[in-house]
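Notes follow the structure.
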Amino acid sequence: MKSTRRKKKLFIIEDDELIVLTLSRALEREGYEIMSDMTAVDILNKVRAWFPDVVLLDVNLPGRNGIDILQEIRESGLSAKVIMLTADDTAETAVRAMKLGAADYLTKPFNIEEVKIVIGKVIENKRLEQEVDYLRKVNSSFMKGELVGQSRALQEIRAKVAKMAEARVSSILITGESGSGKEVLARYVHNLMYNEGGLRQEPFVGVNCAALPHQLLESELFGHEKGAFTDARSEKKGLFELAIGGTILLDEVGEMEPQLQTTLLRVLEERTVRRLGGRDDIPIDVTVIATTNRDLAEAVKNSSFRKDLFYRLSAFYLHIPPLRERREDIIILAEHFLQFFSTRYNKKMFRGFAPSVQQILESYSWPGNVRELKNLVERIVVLENAEEIVPEHLPNWLLETTPGGQLSTQDGFILPAEGISLEDLERDLIRQALERAQNNKAGAAKLLNMSYDSFRYQIRKFGLE
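Sequential numbering of the sequence shown, starting at 27, is according to the numbering used here.
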């Protein structure tokens, strides 16, 4: 089986042809992918285009000082680690290089074994740094139970939830397509409203209103007294009672039968429940969160959902957009699931997703939304063993149905079957170019074969400053 592990890339910038040849042969035998350059012409763009893991950089190059190039690489934001090569064994050169961000330095003439050890140490340190940064970014949201993503839609939702939580509103309606994360949002609301900053965990109970027949759902929600019906051999508290002091989630409330809708409206208005077969009204202090993937306004028009209940629920309303409308969250979510399932299945930590895979994931329409993405990442973690997720790890159906899986043919770009917004495509290409070029506008413009002034205009046009 062919290994999917990506070779580490070393860029040797050295004007001595014999040194370049010696290092290249020795390091290629160690499994590294090598690129070399004996000049300093346009060197920063060459490094940016090839995206090496480590740069071996000579201090003295024709017409340029390697220390200046080191400083440019560090200021550009590139992730490559730089090892300086110098014939000057004085401490002054080494100290200056290290202060400017060099990972290490090697003194000529080289001991090849020492070179291998230094490169290996630098690459391992880089891996650890990336892993710590990765866990910090993902866990900052994951461990707190927050919404994962930074799209404008999620930022607006967070702002609304903060106001609702501060006011302790009694009921909230959450809408969104199946798999878009309605229950996750409900738990986020609950955590912010009840559990933020405290050790006490208030109850969060939920029920799927579409999964139970009418009589059983009524018993589950409101409880029953002994003898209320044939199988009621003892009294039972309902979910509303169990949720007192916390939250009850009514998942897919749009599937609730009209008779039960009437009872629910009374509960919301009076803040009491009565068990089946009971006579006493039991006060309840709960937050009711209802979710649905149906258009309840349309359901009201066709009389399948009560108008007064709809108005009562929708006084405080949150809509979570489908994943295809917040593509900037896709990779953040994928990394979140990657860390989660790597931990769950005790698999070696994946370093992340290759840029080509990120492009494919961002291009796919995700009809199953976040749930579909979660299931895909879980499948990859279970079945694959690699440092980096590459296209070969993706299922064929995804590669075949995604523009990113087959970006072009002899006839040019493949238009998705569902069509595409040209303006959205332009905006996304500008954003991707900026990310690929580490926010260097000149480099990003070059990737799109545009003039610098035209690229700056596009940045302003799409608000990407």
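Cβ coordinates follow ideal geometry from the N, Cα and C atoms, glycine included. Here the structure is a predicted model, which is why all the values come from computation and not from measurement.
Local conformation of aspartate 321 per DSSP, three classes: The count along the sequence shown starts at 1 and reaches residue 321 at position 295. Coil, per DSSP.
Segment contact, 8 Å Cβ cut-off, at least three pairs: the segment 381-392 with the segment 181-197: no
Integer-rounded CB distance, given that alanine 463 should sit under 8 Å from arginine 74: For the purposes of this step, residue 74 is identified with residue 48 of the sequence shown, where counting begins at 1. For the purposes of this step, residue 463 is identified with residue 437 of the sequence shown, where counting begins at 1. The pair is a contact, with the Cβ atoms about 6 Å apart (cut-off 8 Å).
Buried versus exposed, by CB contacts within 10 Å (16 or more), threonine 313: Walking along the sequence shown from the start, residue 313 turns up at place 287. Buried: at least 16 other Cβ atoms inside 10 Å.
Delimiting residues of the alpha helix (DSSP H) encompassing phenylalanine 376: For this step, residue 376 is matched to residue 350 along the sequence shown. Looking at the DSSP string, phenylalanine 376 is not in any alpha helix (DSSP H), and its letter there is neither H nor E.
C-alpha distance - leucine 268 paired with leucine 359, whole-angstrom precision: Along the sequence shown, read from residue 1 onward, the residue named residue 268 stands at position 242. Along the sequence shown, read from residue 1 onward, the residue named residue 359 stands at position 333. Whole-angstrom Cα-Cα distance: 32 Å.
Secondary structure of phenylalanine 255, DSSP reduced to three states: Against the sequence shown, residue 255 aligns to sequence position 229. Here phenylalanine 255 sits in coil by DSSP.
Distance, phenylalanine 266 Cα to phenylalanine 367 Cα: Counting from 1 along the sequence shown, the entry for residue 367 is found at position 341. Counting from 1 along the sequence shown, the entry for residue 266 is found at position 240. Their backbone Cα atoms lie some 33 Å apart in a straight line.
Proximity of proline 309 and arginine 297 at Cβ, strictly below 8 Å: Position 283 of the sequence shown, counted from the first residue, corresponds to residue 309. Position 271 of the sequence shown, counted from the first residue, corresponds to residue 297. Closer than 8 Å, so yes.
Alanine 75, DSSP secondary structure in three states: In the sequence shown, counting from the first residue as 1, residue 75 sits at position 49. It is helical.
Straight-line gap, leucine 36 to tyrosine 58 (C-alpha atoms, nearest Å): Within the sequence shown, numbered from 1, the residue matching residue 36 stands at position 10. Within the sequence shown, numbered from 1, the residue matching residue 58 stands at position 32. For leucine 36 and tyrosine 58, the distance between alpha carbons rounds to 7 Å.
Neighbourhood of methionine 476 by C-beta, 7 Å cutoff - its chain only, sequence neighbours within 5 removed: Indexing the sequence shown from 1 puts residue 476 at position 450. The answer is none, since no qualifying residue turns up.
Given 8 Å, three or more beta-carbon pairs between the segment 44-59 and the segment 133-140: yes
Contact between the segment 208-223 and the segment 271-282 (3+ Cβ pairs under 8 Å): yes
Proximity of glutamine 176 and glutamate 354 at Cβ, strictly below 8 Å: Residue mapping note: residue 176 aligns to position 150 of the sequence shown, counting from 1. Residue mapping note: residue 354 aligns to position 328 of the sequence shown, counting from 1. Cβ distance < 8 Å, so glutamine 176 and glutamate 354 count as in contact.
Own chain, CB closer than 8 Å to tryptophan 76, minus 5 neighbours either side, in chain order: The sequence position of residue 76 within the sequence shown is 50, counting from 1. Closer than 8 Å at Cβ, skipping near neighbours: Lys35, Phe37 and Met61.
Inside the segment 45-70 only - alpha helix (DSSP H) runs reaching at least 4 residues: none
In chain order, each beta strand (DSSP E) run of at least 3 residues that lies wholly inside the segment 359-426: none
Cβ neighbours of phenylalanine 363 in the same chain (closer than 6 Å, five flanking residues each side left out): Reading the sequence shown from its first residue, position 337 is the one you call residue 363. Lys400 and Val403.
Inter-residue CB distance, leucine 286 and glutamate 244 (contact presumed, cutoff 8 Å): Counted from its first residue, the sequence shown places residue 286 at position 260. Counted from its first residue, the sequence shown places residue 244 at position 218. Contact flag correct, Cβ pair sits at about 6 Å.
Within 8 Å, strictly: CB atoms of arginine 301 and histidine 240: Within the sequence shown, the letter at position 275 stands for residue 301. Within the sequence shown, the letter at position 214 stands for residue 240. No; because the gap between Cβ atoms is not below 8 Å, this pair is not in contact.
Length of the line joining the Cα atoms of isoleucine 406 and histidine 419: On the sequence shown, residue 406 is found 380 positions in, with the first residue counted as 1. On the sequence shown, residue 419 is found 393 positions in, with the first residue counted as 1. Each residue's alpha carbon lies about 7 Å from the other.
Beta-carbon proximity check, leucine 111 vs leucine 82, cutoff 8 Å: Here residue 111 is taken as the residue at index 85 of the sequence shown, counted from 1. Here residue 82 is taken as the residue at index 56 of the sequence shown, counted from 1. In contact: leucine 111 and leucine 82 (Cβ atoms closer than 8 Å).
Coarse secondary structure for isoleucine 485, derived from DSSP in three states: Taking the sequence shown and counting its residues from 1, one reaches residue 485 at position 459. It is helical.
Spatial distance of methionine 169 from phenylalanine 336 (CA atoms): Counted from its first residue, the sequence shown places residue 169 at position 143. Counted from its first residue, the sequence shown places residue 336 at position 310. In this prediction, methionine 169 scores a pLDDT of 38, lower than 50, which makes its location untrustworthy; no coordinate-derived value is stated.
Backbone secondary structure at valine 85 - three-state DSSP: The residue you call residue 85 lines up with position 59 of the sequence shown. Correct three-state label for valine 85: coil.
C-alpha distance - alanine 258 paired with glycine 303, whole-angstrom precision: Locating residue 258 in the sequence shown gives position 232, counting from the first residue. Locating residue 303 in the sequence shown gives position 277, counting from the first residue. In a straight line, the C-alpha of alanine 258 is about 10 Å away from that of glycine 303.
Reduced DSSP secondary structure (H/G/I, E/B, other) of serine 197: As a working mapping, residue 197 is identified with position 171 in the sequence shown. The answer is strand: DSSP assigns serine 197 an E or B state.
Leucine 180, buried or exposed, once every other Cβ within 10 Å from all chains shown has been counted against 16: Residue 180 sits at position 154 when you count from the first residue of the sequence shown. It is buried - the Cβ of leucine 180 has at least 16 other Cβ atoms within 10 Å.
Close-in-space but distant-in-sequence residues of the same chain around glutamate 295 (CB under 8 Å, 5 per side omitted): Within the sequence shown, the letter at position 269 stands for residue 295. Excluding positions up to five away in sequence, the list reads Arg338.
Neighbourhood of phenylalanine 230 by C-beta distance below 6 Å, restricted to the same chain and skipping five residues each side: Stepping through the sequence shown from its first residue, residue 230 is reached at position 204. Around phenylalanine 230: His216, Gly272 and Thr273.
Other residues of its chain near alanine 106: CB distance less than 6 Å, five sequence neighbours each side excluded: Working through the sequence shown from its first residue, we reach residue 106 at position 80. Closer than 6 Å at Cβ, skipping near neighbours: Pro78 and Val81.
DSSP-derived helix/strand/coil call for aspartate 454: Taking the sequence shown and counting its residues from 1, the one referred to as residue 454 is at position 428. Of the three classes helix, strand and coil, the one that applies to aspartate 454 here is helix, per DSSP.
Contact check, isoleucine 315 vs phenylalanine 376, beta carbons under 8 Å: Taking the sequence shown and counting its residues from 1, one reaches residue 315 at position 289. Taking the sequence shown and counting its residues from 1, one reaches residue 376 at position 350. Result no, Cβ atoms of isoleucine 315 and phenylalanine 376 do not sit closer than 8 Å.
Any chain D beta carbon closer than 8 Å to tryptophan 423: Included in the structure is just one protein chain, with no chain D present.
DSSP bridge partner residues for valine 108 (one or two, in chain order): As a working mapping, residue 108 is identified with position 82 in the sequence shown. BP columns for valine 108 point to Val81.
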